[in-house]
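Residue numbers (my numbering): 59 to 384. Okay, structure first, notes after.
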């Protein structure tokens, strides 16, 4: 019988090896038998890890996008490699729900990234469900300890949208546009949704932890989505296949971008870049906020991440339900 630590150690060695690594070398490094190595690899392959066996050469990991913590960590900055914790799932109800469960059980001291191949109960703003096909999208939540006395969810959401936009631009050479406050669009189709949630500390009556959820139609085939969203949903699939960027590589790049902006997001220094990518400005829009609706020309994003209308109103939250493009 092998232990879980050995399973992860074998996976890590094979994942990070630049050339095929032999069972003999793995066994020697971990002080276990070659038979144990073989059994562990059988288990990993059954779970879906793309480990290829080469006769007389050893084992090779071919990154086909199957979520792999070690490949993601390898693409992070040195600082993030030691700071971030990971929790990976093949199927989960929702990564944001999982983050909330962890908040109840414990107070996180360092950022935790929760990833899943598939979500069965993914949700967006106002609790709306959305389709999460297996292994085609990127579904992640970042659980963050809140170290600030004041949380500005508008700035955090806009900073996250910009981080995703930067990553798409740099990795896939596309120019997505941002629909205030939490959607990214490509050819007027939604490709990314962002949901920021605060978790209150009842005893101190303050925001103890923050959850940033990100859903990306990465390799999504639109005709596999429910008919009700096929007309409005977009996908990065064509650009992903053209550029050969795996989900693990993209996730690592996204985390690097996010935490680069997160360090100073409350200053709002990133807002000029956000405004350049926000296609609502100078357009006539209708914003729904609960039972209220606001209609007017969107003229700016203020330094708090709020949408500014021509009549002087500053809207901190809401959903753009109509856009009349000029």
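The beta-carbon is built from N, C-alpha and C at its ideal position, and this holds for glycine as well. These numbers come from a predicted model, not from an experiment.
Check, Outcome
"Cβ shell of residue 380 (< 6 Å), same chain only, five flanking positions each side left out", "344"
"Length of the line joining the Cα atoms of residue 305 and residue 374", "33 Å"
"According to DSSP, residues forming a beta bridge with residue 203", "267"
"Reduced DSSP secondary structure (H/G/I, E/B, other) of residue 222", "helix"
"Local conformation of residue 184 per DSSP, three classes", "Note on residue 184: pLDDT 47, under 50, position unreliable in the model; the coordinate value appears next. The answer is helix: DSSP assigns residue 184 an H, G or I state."
"For residue 145, the residue or residues it bridges with in DSSP", "172"
"Residue 348 burial status per 10 Å Cβ neighbour count (16 or more: buried)", "exposed"
"Residues of its chain near residue 243, where Cβ-Cβ distance is below 8 Å and the 5 sequence neighbours each way are ignored", "234, 235, 236, 237, 249, 292, 337"
"CB of residue 154 within 8 Å of CB of residue 255, strictly", "yes"
"Nearest-angstrom Cβ-Cβ length linking residue 109 and residue 99, presumed shorter than 8 Å", "6 Å"
"Any 3 or more C-beta pairs closer than 8 Å across the segment 276 to 283 and the segment 166 to 181", "no"
"Beta strand (DSSP E) runs wholly inside the segment 61 to 120, at least 3 long, in chain order", "109 to 112, 116 to 119"
"Distance CB(residue 210)-CB(residue 363) smaller than 8 Å", "yes"
"Range of the contiguous beta strand (DSSP E) that encloses residue 280", "Careful: residue 280 lies outside any beta strand (DSSP E) and carries neither H nor E."
"Pick from 328, 382, 329 that is closest to residue 354, judged by C-alpha positions", "382"
"8 Å contact criterion, which residue 307 and residue 133 should meet: CB distance rounded", "6 Å"
"Residue 173 vs residue 166 beta-carbon contact at 8 Å", "no"
"From 199, 104, 158, 103, residue whose alpha carbon lies closest to that of residue 144", "199"
"Cβ neighbour criterion (16 or more within 10 Å) applied to residue 102", "buried"
"Candidates 93, 376, 202: closest to residue 265 by CA position", "202"
"Alpha-carbon spacing of residue 105 relative to residue 71, whole angstroms", "17 Å"
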